[in-house]
Each structure stands twice: as C-alpha cells, then as structure tokens.
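These notes concern the structure reproduced below.
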Amino acid sequence: MSKKVSLLLTTYNSEAYIGNTLESIEAQDYPDIEICIADSLSSDSTLAIIDEFSTRSRYKVICDSKKDSGIYEGLNNAYALSSGDYIQVMNDRLTVPDAISKLVKAIEEEERSSAGEVLGAHSDLIYAEGDKVIRYWHMGRGHIGSGWMPAHPTLMLKREVYEKYGTYDTSYICSADYEYMLRILKNGGQLGYVPEVLISMYYGGTSNSTKSAYINSIKEAIHALKANDIHPAFFITALRTLRVAWQFIASKASHRV
Numbered sequence: 030m031s032k033k034v035s036l037l038l039t040t041y042n043s044e045a046y047i048g049n050t051l052e053s054i055e056a057q058d059y060p061d062i063e064i065c066i067a068d069s070l071s072s073d074s075t076l077a078i079i080d081e082f083s084t085r086s087r088y089k090v091i092c093d094s095k096k097d098s099g100i101y102e103g104l105n106n107a108y109a110l111s112s113g114d115y116i117q118v119m120n121d122r123l124t125v126p127d128a129i130s131k132l133v134k135a136i137e138e139e140e141r142s143s144a145g146e147v148l149g150a151h152s153d154l155i156y157a158e159g160d161k162v163i164r165y166w167h168m169g170r171g172h173i174g175s176g177w178m179p180a181h182p183t184l185m186l187k188r189e190v191y192e193k194y195g196t197y198d199t200s201y202i203c204s205a206d207y208e209y210m211l212r213i214l215k216n217g218g219q220l221g222y223v224p225e226v227l228i229s230m231y232y233g234g235t236s237n238s239t240k241s242a243y244i245n246s247i248k249e250a251i252h253a254l255k256a257n258d259i260h261p262a263f264f265i266t267a268l269r270t271l272r273v274a275w276q277f278i279a280s281k282a283s284h285r286v
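The sequence shown runs contiguously to residue 286 in the working numbering.
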C-alpha cells in the first residue's frame, strides 16, 4: 500500500498559473495524493478554478480561504490541513507524470542505504517564464557548510520532520524556507536525490522579485545561519551566493550551445 503524499499550495489571486499547477498534479501517476490549499482571500477567479478542478479531480482537494500574513503563514495553514505521510510544497509545476513517484522512491531507497536519519528527497529544477527556461538548477548532493542547499520547491519531507522540527518561522519575510532547511539539515539529516528536473518553478518570487528583496534575503540568510548556530555565517552565505552565480552562468552557457 502506497503512502499518502500531501501537496501544500498557497494562493492569492493566482488565476494566471493555478490551473497549470493543478493540471500537472492531476497528470501524476502516484495513486495517493491530497492537495491542501491555503488561499489568502483571493478576489479574482482563483477559488472558482480550484472549485471546478476539485469536482473532477481523482485526488482529494482541501481548500481553506482566510487572511494570512504571507506565503509562510499560508504554508503553515496548508500543512495544518494535511494528513499525508510525505509533505511537499507545490506552488509550481511538475514537469513529468512520475515526479511524485520518483521522489517517494528516492526516500525509500535512501532509507535502505543510509545509516543516518532520512528526512526526505529533492531533485533538480528549472525557473521558467511560460515555455522559456530562464535558469536551470542542478542541485546535486552536498552539505550546508559549503553553501549547498536543496531547492525548496522540490523538497519532499516526511511528516515526522514537521512534527520534530516544527513549521515555518513567519518572522522571516523572504527566507523562512532557507531557515527551515537549515533547521532540519544542520544535524546531518540525509536526503534522497533525483538527478532530474521534476519541477518547473514560476520565475519571480518573494526573494528575487526586486534588488531590495534580494538584499533582504541575504540579510535574512545570515540571520538564519546565526540563529541555528551555523558558522561562519558570512562565509557560508558568500559560498552560497557564488553557487547561485555559477548556476546562472552555467545555465546561460548551456542555452547558447
């Protein structure tokens, strides 16, 4: 019997892309998925799109619409709606019909091969505007002291991780996802890895929408490292910034070929 996967979605006036996200979920071959949506009182057609989808989806759809302070409180609200064995944030688009199956398989394989605590699994991803790929992210494996970090939009975690480490810290504006990953990975927890693009991320977002937002995300990242007693915070942040820059350069080079 397969384990249940809960996909956490947050929406606010998301009519431009929520349909694509939901249809990519509907196309999955994994048998047991629930879709948990925390909406922040959308005033466009978002809720109507969700309602129409829920009437025909073979998966269970749970949607609650109420005011929240932003995406991280929304994710916490969506988690409160969930009951799955595995939890994944899903505000983007799954690129292949076996994306969820591959992440679940990666967790199970990691459990068989690792002697440490297995937290979940992650994969590669792309940033895209429509059909145009803006950036490709090859995540690989690594450790947080080298500036490595898995891509949050691809991260599937066991429910026990949330039960042990809690949910997102809403005092962060841009970097609560980074702080959360630091919190769960700093003690050496293991992640399975799928070396394939399973997620197409909608380009833009809280941390990279403007120059000032990006600078604020750097400041919050340094604060998150210090708050989790991970040092040297400035050096690790510099390494992480260099990793991001290299990924961007490599993506540009690959698209010129």
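Quick reminder that beta carbons are idealized off the backbone N, C-alpha and C, glycines included.
Ranked by Cα distance from Gly169, the first of Ser53, Arg272, Asn49, Glu52 is Arg272.
Counted as a single uninterrupted DSSP element, the stretch harbouring Ser143 is not any beta strand (DSSP E), since DSSP gives it neither H nor E. Leu268 sits away from Ile213, with the two beta carbons spaced by 8 Å or more. Counting along the chain, Val162 sits inside the beta strand (DSSP E) bounded by residues 161-166. Around the beta carbon of Arg122, 16 or more other beta carbons sit within 10 angstroms, so the residue counts as buried. Nearest to Leu36 by alpha-carbon distance, out of Val118, Ala77, Asp68, Asp80, is Val118. In this structure Tyr201 is not in contact with Leu104, their Cβ atoms being roughly 12 Å apart against a cut-off of 8 Å. In chain order, Tyr209, Arg212, Ile213 place their CB closer than 8 Å to the CB of Tyr194, counting only its own chain and leaving out the 5 sequence neighbours on each side.
Taking the C-beta atoms as reference points, His151 is found nearer than 8 Å to Thr183. Counting along the chain, the unbroken alpha helix (DSSP H) around Thr50 starts and ends at 47-55. For Glu81, the uninterrupted alpha helix (DSSP H) run begins and ends at 75-85, by DSSP. The Cβ atoms of Leu186 and Tyr115 sit closer than 8 Å to each other. Assignment of beta-bridge partners to Thr40 by DSSP yields Asp68. The beta carbon of Asn106 sits closer than 7 Å to those of Ala67, Asp93, Asp97, all from its chain and outside the five residues before and after it, given in chain order. If you compare the alpha carbons of Tyr191, Gly48, Gly221, Gly174 with that of Ser142, the shortest gap goes to Gly221.
Excluding five sequence positions before and after Pro179, the CB atoms of its chain that fall closer than 7 Å to its own CB belong to His151, Met168, Met210, Leu220, given in chain order. For Leu220, the enclosing beta strand (DSSP E) stretches over residues 219-231.
Contact between Val223 and Leu110 is ruled out by a C-beta separation of about 26 Å, above the 8 Å threshold.
Residue pairing by DSSP places Asp93 opposite Ala67 in a beta bridge.
Setting aside the 5 residues that flank it on each side, Asp206 is surrounded in the same chain by His181, each with a C-beta closer than 6 Å to its C-beta; the list follows chain order. Excluding residues up to 5 positions away in sequence, Ile265, Leu268, Arg269, Arg272 lie with their Cβ nearer than 6 Å to the Cβ of Gly176 in the same chain.
Straight-line measurement puts the Cα of Tyr243 at about 13 Å from the Cα of Ala274. Residues Asp68, Ser94 of the same chain have their beta carbon placed closer than 7 Å to that of Leu76, with the five preceding and five following residues left out of the count.
Leu70 counts as exposed, since fewer than 16 other C-beta atoms from the protein chains shown sit within 10 angstroms of its C-beta. Comparing C-alpha distances from Ala256 to each of Ser204, Lys134, Ile136, Pro60 shows the shortest one belongs to Ser204.
In the structure shown, Asp153 falls within a strand segment according to DSSP collapsed to helix, strand and coil.
Between Asp73 and the set Thr84, Glu44, Cys65, the nearest pair of CA atoms involves Glu44.
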